[in-house]
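Participant: Here this note's numbering is used: the first residue of the sequence shown is 486, the next is one more, and so on.
Glycine included, C-beta positions come from ideal geometry on N, C-alpha and C.
Being a predicted model, the structure only gives us computed values, none of them experimental.
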Amino acid sequence: MKEKVLITGAGRGLGYELTKHFFNHEYEIFPVVRDPDHADKLQKEFPSCKPIIVDITEDSSMEKIQSTVTKYTNVIDIVINNAGIPGREYKFEKVSISEMNEAIQIHCFGVIRVVQAALPILKNAKNPRVINVSSRLGSLTKMASGEFKKRKFAYSYRVAKAAQNMLSICMSNELEEYGISVNSIHPGKIKTRTAASDADLEPHEAAENIFKWVEKLEKGESRIYAEPGVGKLPW
Ligand SMILES: NC(=O)c1ccc[n+]([C@@H]2O[C@H](COP(=O)([O-])OP(=O)(O)OC[C@H]3O[C@@H](n4cnc5c(N)ncnc54)[C@H](OP(=O)(O)O)[C@@H]3O)[C@@H](O)[C@H]2O)c1
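Shown next, in the form of structure tokens:
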């Protein structure tokens with residue numbers, strides 16, 4: 486068995502394909518899902534994996550993640566914060582605070598909960614890596630350039646992913662003290678439920694690009710914002 490990896494949003498879409506990819510390369514997987522049926526399906530398909538059923542928007546998820554993982558191991562090598570929701574309103578006058586809250590809860594606070602839960606045993610890894618699945622739409626530089634001006638992307642999604650990017654940078658600045666790298670990726674425009682109108686990538690292709698990128702990541706390589714298989718993005 487290779488390294489141990491915890492993947493959120495593992496029940497479908499990109500998270501499922503990442504789970505499959507890492508499993509096929511003999512990693513030990515802790516897939517985080519909120520639907521028990523997804524947990525059963527993963528357990529059948531990838532027998533060595535240890536699904537954790539939690540909603541990462543709830544504080545109680547931290548204790549459950551920590552207690553489940555530490556039942557099996559005292560080391561986690563890789564945490565992939567993949568769970569996410571797309572958001573809805575793209576017109577400022579229609580934006581609701583509840584939608585904004587929902588997006589920040591998952592893309593930002595969810596990442597905090599999961600990494601805080603894993604941190605004590607991430608510190609025990611030889612090359613600990615946190616990968617935050619962000620989006621090109623979280624790039625302040627790209628957004629400010631006007632690149633997406635005419636596109637109908639949700640406020641909640643863009644703001645939450647930009648906040649997540651800042652969180653990634655802050656975490657990477659601090660956690661390098663423990664040798665933990667924190668990087669942010671745009672996974673590509675994938676044909677999933679979250680898909681943009683210009684989606685052009687199958688989930689398994691995106692997962693393969695990410696897998697190769699993560700495997701190549703050298704110890705200490707941190708604060709990178711990139712599209713695996715393509716190149717770096719401006720924060
Ligand atoms: N698709 C794209 O083109 C694209 C582009 C850029 C970035 N991304 C990012 O890539 C990531 C994966 O997206 P995807 O395209 O695979 O989307 P997806 O098919 O909609 O999958 C999203 C996953 O997140 C999980 N999730 C949502 N809320 C959750 C919660 N509160 N607690 C636990 N899990 C939760 C979902 O679980 P359930 O099955 O229980 O709902 C699902 O497994 C997201 O962060 C997304 O923002 C996607």
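Which same chain residues, not among the five before or five after residue 678, have their C-beta less than 7 Å away from its C-beta?
Facilitator: To locate residue 678, count along the sequence shown from 1; it is residue 193. Counting only Cβ-Cβ distances below 7 Å, and skipping sequence neighbours, we find 498.
Participant: Could you check if residue 567 belongs to the surroundings of ligand 1, using beta carbon to heavy atom distance under 7 Å?
Facilitator: For the purposes of this step, residue 567 is taken as residue 82 along the sequence shown, with counting starting at 1. Indeed, a heavy atom of ligand 1 lies less than 7 Å from the Cβ.
Participant: With DSSP run on the structure shown, which of helix, strand or coil describes residue 731?
Facilitator: With the chain represented from 486 up to 720, any question about residue 731 goes unanswered, as that position is not in the structure.
Participant: Going by Cα to Cα distance, which pick from 552, 564, 623 and 510 is closest to residue 711?
Facilitator: Here residue 711 is taken as the residue at index 226 of the sequence shown, counted from 1. Out of 552, 564, 623 and 510, 623 has the C-alpha closest to the C-alpha of residue 711.
Participant: Which value, in whole angstroms, describes the spacing of the CA atoms of residue 596 and residue 617?
Facilitator: As a first step, residue 596 is located in the sequence shown; it is residue number 111 there, counting from the start. As a first step, residue 617 is located in the sequence shown; it is residue number 132 there, counting from the start. One C-alpha to the other measures close to 8 Å.
Participant: Grab me the residues of residue 650's own chain with a C-beta within less than 7 Å of its C-beta, minus the 5 sequence neighbours each way, in chain order.
Facilitator: Here residue 650 corresponds to residue number 165 of the sequence shown, with the count starting at 1. Only 619, 623, 669, 710 and 720 meet the Cβ criterion.
Participant: Count Cβ pairs between the stretch 506 to 514 and the stretch 587 to 594 that sit closer than 8 Å; are there 3 or more?
Facilitator: No: fewer than three Cβ pairs fall under 8 Å.
Participant: Would you kindly report the start and end of the unbroken alpha helix (DSSP H) that includes residue 712?
Facilitator: Here residue 712 corresponds to residue number 227 of the sequence shown, with the count starting at 1. Here residue 712 belongs to no alpha helix (DSSP H); instead the beta strand (DSSP E) covers 710 to 712.
Participant: Check whether the stretch 565 to 585 touches the stretch 633 to 646, counting contact only when three or more Cβ pairs, one atom from each stretch, lie closer than 8 Å.
Facilitator: Taking 8 Å as the limit for Cβ pairs, the verdict is that the stretch 633 to 646 does touch the stretch 565 to 585.
Participant: Measuring alpha carbon to alpha carbon, tell me which residue in 612, 555, 559 and 535 is nearest residue 701.
Facilitator: One-based indexing of the sequence shown puts residue 701 at position 216. Closest option to residue 701, Cα to Cα, is 612.
Participant: What first and last residue would you give for the beta strand (DSSP E) that runs through residue 564?
Facilitator: Stepping through the sequence shown from its first residue, residue 564 is reached at position 79. Per DSSP, residue 564 belongs to the beta strand (DSSP E) from 563 to 566.
Participant: If you draw a straight line from the C-alpha of residue 556 to the C-alpha of residue 522, how long is it?
Facilitator: Counting from one through the sequence shown, the residue named residue 556 turns up at place 71. Counting from one through the sequence shown, the residue named residue 522 turns up at place 37. Straight-line Cα distance between these residues: approximately 22 Å.
Participant: At which residues does the alpha helix (DSSP H) containing residue 521 begin and terminate?
Facilitator: As a working mapping, residue 521 is identified with position 36 in the sequence shown. Segment 521 to 530, the alpha helix (DSSP H) holding residue 521.
Participant: In the structure shown, what three-state DSSP assignment does residue 538 receive?
Facilitator: Here residue 538 refers to the residue found at position 53 when the sequence shown is read from its first residue. Strand at residue 538.
Participant: Can you tell which of 716, 662 and 705 has the C-alpha that lies nearest to the C-alpha of residue 671?
Facilitator: Residue numbering aside, residue 671 sits at position 186 when the sequence shown is read from its first letter. Among 716, 662 and 705, the Cα nearest to that of residue 671 belongs to 716.
Participant: Within the stretch 668 to 716, note down every full alpha helix (DSSP H) run reaching 4 residues or more, in order along the chain.
Facilitator: Listed in chain order, they are 688 to 701.
Participant: Any idea what DSSP makes of residue 515, helix, strand or coil?
Facilitator: For this step, residue 515 is matched to residue 30 along the sequence shown. It is a strand residue.
Participant: Does ligand 1 have even one heavy atom less than 7 Å from the beta-carbon of residue 620?
Facilitator: In the sequence shown, the residue the question calls residue 620 occupies position 135. Indeed, a heavy atom of ligand 1 lies less than 7 Å from the Cβ.
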